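> Going line by line, the protein sequences match chains U and D. Per full-length UniProt numbering: the first sequence = residues 1 to 98. Per full-length UniProt numbering: the second sequence = residues 1 to 98. Please find one structure pasted underneath; my questions will follow.
2 protein chains.
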Amino acid sequence: MKNPIEALNKIFDSRIRLGVMSILIVNDSISFNELKQLLELTDGNLASHLNTLEQAEYLKVQKSFIGKKTNTTYIITELGRHAFKAHLDALEKMIKGI
Amino acid sequence: MKNPIEALNKIFDSRIRLGVMSILIVNDSISFNELKQLLELTDGNLASHLNTLEQAEYLKVQKSFIGKKTNTTYIITELGRHAFKAHLDALEKMIKGI
DNA sequence: TAAAAGTACTTTGTAATTCAAAGTTAGTTT
DNA sequence: AAACTAACTTTGAATTACAAAGTACTTTTA
């Protein structure tokens, strides 16, 4: 048997980043405020986790306006989609003992 | 929609503890050394994660002898089994957006 | 029989991570 | 002008993770 945890992605050790990704994978885009309310986080905490994901190029930021209000939305990248799927695969394999 | 991450178990944020549990759930018992080799960890690091799981009463320790050598093995508890399953359920729900 | 090695830790110290709170910038509504 | 909202950044503290070294005890090897 080989080390079952080495295929897990360290970025997804965090429940928050895992939560963000699982939202982004089924939603075309989501705003900062929606994420904040959904995950019940402070601004700073959310911003820093989003930053980690952006640094990894797992998501990209889109700034726009809704009427006259600024609106920041987040979109998963292809790289992010693959990384997330690979992580879930690794998890599944580990759990099923494959 | 409700907060998708709140049902995740904080003890299982750690890839190492997740790995230990996924091994224990399919193996009646496993020794310290087997875990150490499988997960490629130092003694201290493994011991401390095992201690966290023992404190949570997710596993119990069994000391015995193999011939004349001491042998410490770990066994999952019912509580651990349930907690792990609940965590996996929460993960699955989160990922599938249920 | 002295030295080396193995098992299973504990202790120590450092580095990394997480998070809340407060501060910031820029625009908006009252 | 004052308050408010959005989306941050900065700061600092607490927690967690980890390697390395030390420990106690037994066993194997030279």
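For glycine and all other residues, C-beta sits at the position ideal for the given N, C-alpha and C. Model, not experiment: these values are computed from the prediction.
Exposed or buried, which one is asparagine 3 of chain U when buried takes at least 16 other CB atoms within 10 Å?
Sequence index remark: in the first sequence, residue 3 of chain U carries index 3 (1-based). When all chains shown are included, asparagine 3 of chain U counts as exposed.
> Return helix, strand or coil for lysine 60 of chain U, following the three-state DSSP convention.
For this step, residue 60 of chain U is matched to residue 60 along the first sequence. Here lysine 60 of chain U sits in strand by DSSP.
> Kindly indicate the opening and closing residues of the beta strand (DSSP E) around lysine 69 of chain D.
The residue you call residue 69 of chain D lines up with position 69 of the second sequence. Segment 69 to 76, the beta strand (DSSP E) holding lysine 69 of chain D.
> Report, in whole angstroms, the separation of the C-beta atoms of threonine 77 of chain D and tyrosine 58 of chain D, which I expect to be a contact under 8 angstroms.
Counted from its first residue, the second sequence places residue 77 of chain D at position 77. Counted from its first residue, the second sequence places residue 58 of chain D at position 58. With a Cβ gap of about 6 angstroms, threonine 77 of chain D and tyrosine 58 of chain D count as contacting.
> Is any beta-carbon of chain D found at less than 9 angstroms from that of aspartate 13 of chain U?
As a first step, residue 13 of chain U must be located in the first sequence, where it is residue number 13. Put simply, the CB of aspartate 13 of chain U is near chain D, with a gap under 9 angstroms to one of its CB atoms.
> Give the single residue among D/Leu88, D/Lys96, D/Lys93, D/Ile95 whose Cα lies nearest to the Cα of asparagine 9 of chain D.
Here the question's residue 9 of chain D lines up with position 9 in the second sequence. Of D/Leu88, D/Lys96, D/Lys93, D/Ile95, the residue nearest in Cα terms is D/Leu88.
> DSSP has isoleucine 66 of chain D in a bridge; who is on the other side?
Start at 1 with the first residue of the second sequence, and residue 66 of chain D comes out as number 66. The partner list for isoleucine 66 of chain D (beta bridge, DSSP) reads D/Lys69.
> When burial is assigned at 16 or more other CB atoms within 10 Å of the CB, is arginine 35 of chain D buried or exposed?
On the second sequence, residue 35 of chain D is found 35 positions in, with the first residue counted as 1. One detail in the question is off: residue 35 of chain D reads as leucine in this sequence, not arginine. Leucine 35 of chain D is buried by the Cβ-count criterion.
> With burial defined as no fewer than 16 other Cβ atoms inside 10 Å of the residue's Cβ, what is the status of glycine 67 of chain U: buried or exposed?
Position 67 of the first sequence, counted from the first residue, corresponds to residue 67 of chain U. Answer is exposed; the Cβ neighbour count stays below 16.
> For serine 31 of chain U, which of helix, strand or coil comes out of DSSP?
In the first sequence, residue 31 of chain U corresponds to position 31, counting from 1. Reduced to three states, the DSSP call for serine 31 of chain U is strand.
> Is there at least one Cβ from chain D nearer than 9 angstroms to leucine 53 of chain U's Cβ?
By one-based count along the first sequence, residue 53 of chain U stands at place 53. Not an interface residue.
> Pairs of beta-carbons, one from the stretch 15 to 22 of chain U and one from the stretch 33 to 51 of chain U, closer than 8 angstroms: are there three or more?
yes
> Is alanine 56 of chain U closer than 9 angstroms to glycine 80 of chain U when the C-beta atoms are compared?
Position 80 of the first sequence, counted from the start, is the residue given in the question as residue 80 of chain U. Position 56 of the first sequence, counted from the start, is the residue given in the question as residue 56 of chain U. For glycine 80 of chain U and alanine 56 of chain U, yes; Cβs fall inside 9 angstroms.
> Taking only beta-carbon positions, decide if isoleucine 25 of chain D is within less than 9 angstroms of chain U.
Your numbering for residue 25 of chain D matches position 25 in the second sequence. Cβ-Cβ to chain U under 9 angstroms: yes for isoleucine 25 of chain D.
> Where aspartate 28 of chain D and isoleucine 75 of chain D are concerned, what is the direct C-alpha to C-alpha distance, given to the nearest angstrom?
Locating residue 28 of chain D in the second sequence gives position 28, counting from the first residue. Locating residue 75 of chain D in the second sequence gives position 75, counting from the first residue. In this structure, the straight-line span from the alpha carbon of aspartate 28 of chain D to that of isoleucine 75 of chain D is close to 6 angstroms.
> Would you mind sorting isoleucine 5 of chain U into buried or exposed? The rule is 16 or more other CB atoms within 10 Å of its CB.
Position 5 of the first sequence, counted from the first residue, corresponds to residue 5 of chain U. Result: buried.
> Hey, could you find the ends of the alpha helix (DSSP H) serine 48 of chain D is sitting in?
Translated into positions along the second sequence, residue 48 of chain D becomes position 48. Note, serine 48 of chain D: alpha helix (DSSP H), 43 to 55.
> Please identify the residue among U/Ile11, U/Val26, U/Thr70, U/Met1 whose C-alpha is closest to the C-alpha of phenylalanine 32 of chain U.
For this step, residue 32 of chain U is matched to residue 32 along the first sequence. Of the candidates U/Ile11, U/Val26, U/Thr70, U/Met1, the one whose C-alpha sits nearest the C-alpha of phenylalanine 32 of chain U is U/Thr70.
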